[in-house]
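Read through the structure below, which is laid out as structure tokens, and then see the notes.
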């Protein structure tokens, strides 16, 4: 036993020495091309698919870069999503110091057994049947914004007139958030997701949105309306589990993620279609191909790359590498979605690929709640936009477009178009 104990201590010591000396890269990495992952991703995936990197606060974590391994990590309970844990990998400088273990956890930061019931409580709002009932209204919103685009100046900014208003209007109506307040929460959302935002400003922006949501929910409590937040109040009260702070966290998550992600996918995908007219011609000729095109755009751009961080809570081997309890892990969705083991010719944009096994929406128990809503919005936008504005084209070269290289959710700040 003494020998085994000594060997164990030696192995831990050796591992700690490795952790302090051998990381080659710093994370997160910026994209240098809007159509490709950071250049180091391929090197990591092919040469050292589970490797150490240094984080902004000086800490370290393992990156998981291959498709199969990413899905394994995201579906394994031995990897915790608890972002309040002091050892959870911090992707933003100053993040770890601001954590409060006793604070209310968002859904994306919950582990079993807390996570299952919390997710189930809201999952019914995103069933295919309920979303299909929204289709006519989403179509009406899209048509209205295209009307505004066509009535405006040429060139027009697609982000301002279509990409951002469509998902913002949809999620506001679902939640029961007044769209008249959209400038307030969009302004603060930019600060939350921008990598260069000072920590104090990021926390202040987060608190501002949460305070807004708390006031809104408090106003709904006396006579809950028939919107998502109102129905949650009624349902959770009936179950004896209603807590305003928990619903504030849910509302914050759905409001921010529900408009920012889809808005960026509309802009990037439209730009990609206009840059690849042969791909665009396929969906114009056969709208039945639009859903496959949506899947390919999601895979191709993977706008949220390392949002899927985890903390190992039990020793486990991944990709031949032992990861010990207490070590952080970053599952690289963008690398996984360009893995040639999972996708043939992964760097090509091919809307006929028909691959739905990408991880753009994550994987496992924390897979994106609103993924089918996003798919529907994208499908309706593409079918309607290119039918109603067949002569749509970019008003500037791609090299002149302002990409969100400094944001945790990739996209475009503006997309000048004409027709």
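Residue numbers (our numbering): 911 to 1329. Glycine included, each C-beta is placed from N, C-alpha and C at the ideal position.
Residue 975 carries a coil assignment under DSSP once its states are collapsed to helix, strand and coil. Burial state of residue 1308 is exposed, judged by a 10 Å Cβ sphere holding fewer than 16 other Cβ atoms. In this structure, 1306 is the residue among 1306, 977, 1222 with its C-alpha nearest to the C-alpha of residue 1067. In the three-state scheme derived from DSSP, where H, G and I count as helix and E and B as strand, residue 943 is classed as strand. Secondary structure remark: continuous alpha helix (DSSP H) runs of at least 4 residues inside the segment 1088 to 1172, in chain order: 1092 to 1103, 1109 to 1131, 1138 to 1149. Nearest Cα to residue 965 within the set 1292, 956, 998, 1023: 998. Bridge partners of residue 1317 according to DSSP: 1104.
Per DSSP, the continuous alpha helix (DSSP H) segment holding residue 1050 begins and ends at 1038 to 1061. Boundaries of the beta strand (DSSP E) harbouring residue 1227: 1226 to 1228, taken from the DSSP string. For residue 1189, the enclosing alpha helix (DSSP H) covers residues 1187 to 1195. Bounds of the beta strand (DSSP E) holding residue 1328 are 1326 to 1328. Taking a cut-off of 8 Å for Cβ pairs, the segment 1234 to 1251 and the segment 1290 to 1302 do not touch, as fewer than three such pairs fall below it.
The three-state reading of DSSP puts residue 1066 in strand, counting E and B together.
Shown here, residue 1302 sits in coil according to DSSP, grouped into three states, outside any helix or strand. The distance from the Cβ of residue 1119 to that of residue 1079 is about 18 Å, inconsistent with a contact at the 8 Å cut-off. Three or more pairs of CB atoms, one per stretch, sit closer than 8 Å, so the segment 1094 to 1103 contacts the segment 1154 to 1174. Using a C-beta cut-off of 8 Å, the segment 972 to 989 makes contact with the segment 1215 to 1222, since at least three inter-stretch Cβ pairs fall below that distance. In the displayed model, residue 970 falls within a strand according to three-state DSSP. Counting along the chain, no alpha helix (DSSP H) covers residue 1221; the unbroken beta strand (DSSP E) around it starts and ends at 1219 to 1222. In this structure, residue 1214 and residue 1319 form a Cβ contact; the two beta carbons are roughly 6 Å apart against a cut-off of 8 Å. Contact check for residue 1216 and residue 937: beta-carbon distance about 7 Å, within the 8 Å limit, so the pair qualifies.
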